[in-house]
Amino acid sequence: MYEFKYHRATSARQAANLLVKADDAKLLAGGHTLLPTMKQRLASPANIIDLGKVAELKGIEIKGKTIVIGAMTTHAEVANSAAVQAHLPGLAALAEGIGDPQVRHKGTIGGSVANNDPSADYPAGLVALGATIVTNKRKIAADDFFQGMFATALGEGEMIVKIIFPIASRFAYAKFPNPASRYALVGVAVARKGASVRVAVTGAGENGVFRWADAEKALGAKFSAKSVEALKASAKGLNGDMHASADYRAHLIGVMAKRAVMAATAK
Amino acid sequence: MAKKPVTFTLNGSDRAAFAEEGLNLLEFLRRGIGDLSPKYGCGQGACGACTVIIDGETHLACLTMADAVHGRKVETASGLANGKVHPLQEAFMEYFAAQCGYCTPGMLMSAKVLLDRNPSPTRADVIEAISGNLCRCTGYEPIIDAILATANMRARA
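The listed protein sequences derive, respectively, from chains A and B.
To convert, take the position in the first sequence, counting from 1, and add 58; that gives the working numbering.
To convert, take the position in the second sequence, counting from 1, and add 1085; that gives the working numbering.
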């Protein structure tokens, strides 16, 4: 690890100010991506702004027909939240499936979303649910936020404050995890709200999370596992690597979509 | 870098020491405090050898800032034995759940949190609980058996 200057932020405003003022600064959320990256010398920010003790960025609340989750809320907190379990159980299950216990106790929703790892679970959940990412400057729709591998709409000095999830009547996420890392080889999130059905795929696309239009159309006509059975996802633009070829990932998209619909319609 | 005082509870005793800003908890515990039970494995959050318990949750000390534990309760494997070895330690010995032993303190921490929360775990619960701890010797089976045996023993006691 290269040397860096460490700042312990005490408020969101102070952190945002530091982010603009300090040279080559990075925000530290749970630290389970940034710190290993720094230790591997793949990143060498001059200034680290630790958000770990910024209480106002933490917490989960129901607001009208939405669930609002603070950026520094850990995966374990989302998974164990009675409010999330009651109103959006599929999101609690998604968080429960991230990494391992140590990762879930430290990793945060804001950190995961800002990092936009192409195999991360949350991006699929946010896109399927049509979530809104609230930063210190503006609100960004999930559809516009994720812009390819590790790329987001976040600009200079911009910081995620919270994420607003509309409560869908049906929502579930199914993934085929890499058994070692637990990252999604393919993960599919399915959400139904009124007449609208959205299907988002993570882990598979060369450019990160994407929506699967054919499945949305088929499930919009009839929201049942049978509707996706006949579909075949295209392998075009999908990742192929030592873990799974593009063709295999295309196949898994169909399987995971079906499992997600089955989970979403289970009760 | 500036040094900051960190006061916290380690295995039930109050402790205070200075930590350089940006120092990680693993270095702080090993060099600053002298508790050598959390191990330095990969140093990058992949192996779980440095797992400690903070306020009842397992955390990787190598990816935790030292001053994050200010005012909090930290438990390590060195605090498990209390006059006599902890039932988990006894079961690990009985079931040959350690070979080189390097992963053992982290495994014990993950196992302790599991059993504290869920006294009668299934095999699948145990596998999930230690999924963040790598062992390159045992093949995991003896470790899983030892944790289940501890739960069974407690249920009978």
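Using N, Cα and C, we set each Cβ at its ideal position, and we do this for glycine too.
Cβ-based neighbour list, residue i, same chain, cut-off 8 Å, excluding 5 preceding and 5 following
i	result
N75(A)	none
M96(A)	M59, Y60, F62, S102, P103
T323(A)	R228, F281, S282, A283
V286(A)	A273, A276, L277, G312, A315, K316, V319
A1209(B)	none
N1193(B)	The residue you asked about is not Asn; residue 1193(B) is Leu in the sequence shown. Counting only Cβ-Cβ distances below 8 Å, and skipping sequence neighbours, we find A1162, L1165, H1171, L1173, Q1174, F1177.
V1198(B)	I1138, G1141, E1142, T1143, A1214
R1157(B)	F1093, T1094, I1139, D1140
I118(A)	I125, V126, I127, G128, T131, E135, V136, S139, A141, V142
Contact list for residue i against chain A, beta-carbon separation under 7 Å
i	result
S1195(B)	P159
G1133(B)	Q160
Neighbourhood of residue i by C-beta distance below 7 Å, restricted to the same chain and skipping five residues each side
i	result
D81(A)	A104, N105
K328(A)	With chain A running from 59 to 325 in the structure shown, residue 328(A) is simply not present.
P1090(B)	A1101, F1103
Proximal chain B residues relative to residue i, where beta-carbon distance stays under 8 Å
i	result
I218(A)	By Cβ distance, chain B contributes nothing, its closest Cβ being about 20 Å from I218(A), past 8 Å.
I106(A)	G1107
G110(A)	M1150, A1153
A164(A)	It is worth fixing the name first, because residue 164(A) is Lys in this sequence and not Ala. Neighbours of K164(A) on chain B, chain order: H1144, L1145, L1148, T1149.
P94(A)	Q1129, G1130, A1131, L1148
Pair within 8 Å by beta-carbon distance, residue i and residue j
i	j	result
T1235(B)	A1166(B)	no
S1163(B)	D158(A)	no
A1240(B)	P1206(B)	no
V185(A)	R269(A)	yes
T260(A)	D179(A)	yes
V126(A)	K197(A)	no
L1219(B)	C1188(B)	yes
G1191(B)	G1133(B)	yes
A247(A)	A258(A)	yes
Counted within 10 angstroms of its Cβ, other Cβ atoms place residue i as buried (16 or more) or exposed
i	result
M130(A)	buried
Y1180(B)	buried
C1147(B)	buried
Q98(A)	exposed
F234(A)	buried
T1092(B)	exposed
L100(A)	exposed
R250(A)	buried
K121(A)	exposed
Under 8 Å by beta carbon: chain A residues contacting residue i
i	result
S1216(B)	D158, P159, R240
D1152(B)	R66
T1136(B)	Q160
Beta-carbon neighbours of residue i, restricted to chain D and to distances below 7 Å
i	result
E1106(B)	Annotation note: the requested chain D is absent from the structure, which comprises protein chains A and B.
Spatial neighbours of residue i in its chain, beta-carbon cut-off 6 Å, leaving aside the 5 residues before and after
i	result
F203(A)	I191, T210, A211
Nearest to residue i (by Cα), restricted to the options the options
i	options	result
L85(A)	E119(A), K63(A), R99(A)	K63(A)
N1237(B)	L1200(B), N1109(B), Y1225(B)	L1200(B)
S1195(B)	C1185(B), A1183(B), A1182(B), V1211(B)	V1211(B)
N194(A)	A321(A), T91(A), V171(A), A70(A)	A70(A)
S254(A)	Y241(A), I156(A), N236(A), A279(A)	A279(A)
A238(A)	I125(A), H301(A), L152(A), A273(A)	H301(A)
P176(A)	G183(A), A247(A), E264(A)	E264(A)
T124(A)	V78(A), E135(A), G245(A), L146(A)	L146(A)
G245(A)	G295(A), I218(A), K251(A), A182(A)	A182(A)
I1118(B)	E1160(B), G1126(B), Q1129(B), D1230(B)	E1160(B)
Contact set between residue i and chain B, taken where Cβ atoms lie within less than 7 Å
i	result
K97(A)	G1128, Q1129
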